[in-house]
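In this text, residue positions in the sequence shown follow the numbering used here: the first is 59, and each later residue adds one. Backbone N, C-alpha and C fix where the C-beta goes; we use that ideal spot for every residue, glycine too. Computed from a predicted structure; not experimentally measured.
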Amino acid sequence: MFIEQAYKGENETWKFVITCILTMGIFISNLLFFLFVDVDPQAAMDDMMRLFKSKNLLLAFNLAVFIPILAVLFLLVWALHKRSILSLTTARKKVDWSRIFFSFMMVFIYTVVSFGIVYYMTPEDYVLQFDSSKFGILVLIGLVFFPFQIGLEEYLFRGYVMQQVGIMARNRWFPLVLTSVLFGIFHWANPEVAELGAITMVFYIGTGLLLGIMTLMDDGMELALGFHFGNNLLAATLLTYEYSALQTDAIFKSVGQADTGVELVLPVLIVYPIFLFILAKKYKWSNWKEKLTGAVHPPATTIS
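Written out as structure tokens, the structure reads:
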């Protein structure tokens, strides 16, 4: 099973601590800066925009930061924990790319269709700002750089931390809850949180919970990787907001009144369970209680 993949490596506590410090540093420093330094997130975003003068360049810079950190995570898992990246990804013998594609298309279709309905109902809230040259570069940046950004978040939270905490806690529910909460907390510094309020934490933690359930029920991160990639790519290319963490040359720009935040809660309560139902039917998930809350047992002999 997925969490038990950690037993294929060396799991001394000091190795876990070092790996977390070196890979979570960007999230922790960003959060501490937001909490203890009196800075307006939107003003900071505007300053960055003036510095780079190009939304595409700014996006590429922000996403490129994740590349070396993901490389460090992979290096530490391989060098310190003596584990393969495959064991960090899935309990299967190889990565199932069809799962990544299916999950990507599921969130892609939902996002496009739901936006189409909203746009049809309230077209005055959106401005078409499509620029073929800028949009082409944006798509290229998204396809190249988003895999590193979502890769770090997934491999760090749903992969490394979930597995390591799971074998320390000897159960599945605690790492599921912990990684979901951490995923939400480390997004606290995003500008949309300052704009919409703490209710956005329901969305971020709920999304982390969704991705964690996918990972545990499916014994691999493929579905979470595809979903996360599809969500972030569409967030950057389809619609942008003044207060969004992703300021891009998307096809549309929202000019309507800022959401109350309730709109972010509804997907967690209604749409996410539907996603899980679809995936459960397609991949024939069963034994939910055991896979999400059951005990984690070390093997009789450690697999090398």
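Next on the checklist: Assuming Val95 and Asp183 are in contact, meaning their beta carbons sit under 8 angstroms apart, how far apart are those beta carbons, in whole angstroms?
Outcome noted: Not really, about 33 angstroms apart at Cβ, beyond 8 angstroms.
Item to check | From Cys78, Ala353, Leu128 and Pro331, residue whose alpha carbon lies closest to that of Trp231 | outcome: Ala353
Next on the checklist: Using the three-state DSSP reduction, which class does Lys347 fall into: helix, strand or coil?
Outcome noted: helix
Item to check | Tyr299, DSSP secondary structure in three states | outcome: coil
Checklist entry - Taking the C-alpha atoms as reference points, what is the distance between Gly157 and Phe166? => result For the sequence presented, residue 157 should be read as Arg rather than Gly. Rounded to whole angstroms, Arg157 to Phe166 spans 14 angstroms at the Cα level.
Next on the checklist: Measuring straight from C-alpha to C-alpha, what distance separates Thr169 and Ile271?
Outcome noted: 21 angstroms
Checklist entry - Going by the CB atoms, is the gap between Thr77 and Leu117 shorter than 8 angstroms? => result no
Checklist entry - Between Met365 and Lys349, is the Cβ-Cβ spacing less than 8 angstroms? => result As shown, the chain starts at 59 and ends at 362. That puts residue 365 outside it, with no answer to give.
Checklist entry - Would Gly264 pass as a contact of Tyr330 if the rule is Cβ separation under 8 angstroms? => result yes
Item to check | Supposed contact pair Leu322 and Thr258 - C-beta distance, whole angstroms, cut 8 angstroms | outcome: 6 angstroms
Checklist entry - Three or more beta-carbon pairs under 8 angstroms between the segment 172–192 and the segment 71–89, yes or no? => result no
Item to check | Local Cβ density within 10 Å of Ser238, reported as buried at 16 or more and exposed below that | outcome: buried
Next on the checklist: Ignoring anything shorter than 3 residues, give me the beta strand (DSSP E) runs that lie fully in the segment 117–193, in order along the chain.
Outcome noted: 184–186
Checklist entry - Along the chain, where does the beta strand (DSSP E) that runs through Lys311 open and close? => result Phe310 to Ser312
Checklist entry - Three-state secondary structure (DSSP) at Asn229? => result strand
Item to check | Inter-residue Cα distance where the pair is Asn345 and Ala338 | outcome: 11 angstroms
Next on the checklist: Per the DSSP calculation, Ala353 is bridged to which residue(s)?
Outcome noted: Asn229
Next on the checklist: Here's the rule: buried if 16 or more other CB atoms are within 10 angstroms of the residue's CB, otherwise exposed. What is His286?
Outcome noted: buried
Checklist entry - With C-beta atoms as the reference, is Thr81 less than 8 angstroms away from Ile143? => result no
Item to check | Through-space distance from Phe204 to Thr295, alpha-carbon basis | outcome: 12 angstroms
Item to check | As assigned by DSSP and simplified to three states, the class of Gly288 | outcome: helix
Checklist entry - Should Gly288 be labelled buried (16 or more other beta-carbon atoms within 10 Å of its own) or exposed? => result buried
Checklist entry - Roughly how many whole angstroms lie between the Cα atoms of Gly217 and Asn290? => result 19 angstroms
Checklist entry - For Ile361, does the three-state DSSP call read helix, strand or coil? => result Bear in mind that a pLDDT of 47 at Ile361, under 50, signals an unreliable position, so the model cannot answer this.
Next on the checklist: Among the candidates Ala129, Met164, Ile125 and Met279, whose CA atom is the shortest distance from the CA of Ile61?
Outcome noted: Met279
Checklist entry - What residue does the alpha helix (DSSP H) around Glu261 start on, and which one ends it? => result A small correction: the amino acid at residue 261 is Phe; Glu does not occupy that position in the sequence shown. Thr258 to Asp276 is the span of the alpha helix (DSSP H), which, as asked, contains Phe261.
Next on the checklist: Distance check for Ser161 and Leu109, CA to CA, integer angstroms please.
Outcome noted: 36 angstroms
Checklist entry - Do Leu121 and Phe206 have their C-beta atoms within less than 8 angstroms of each other? => result yes
Checklist entry - Between the Cα of Met351 and the Cα atoms of Leu283, Glu68 and Ala227, which residue gives the shortest distance? => result The sequence given here places Thr at residue 351; Met does not occur at that position. Measuring from the Cα of Thr351, the nearest candidate turns out to be Ala227.
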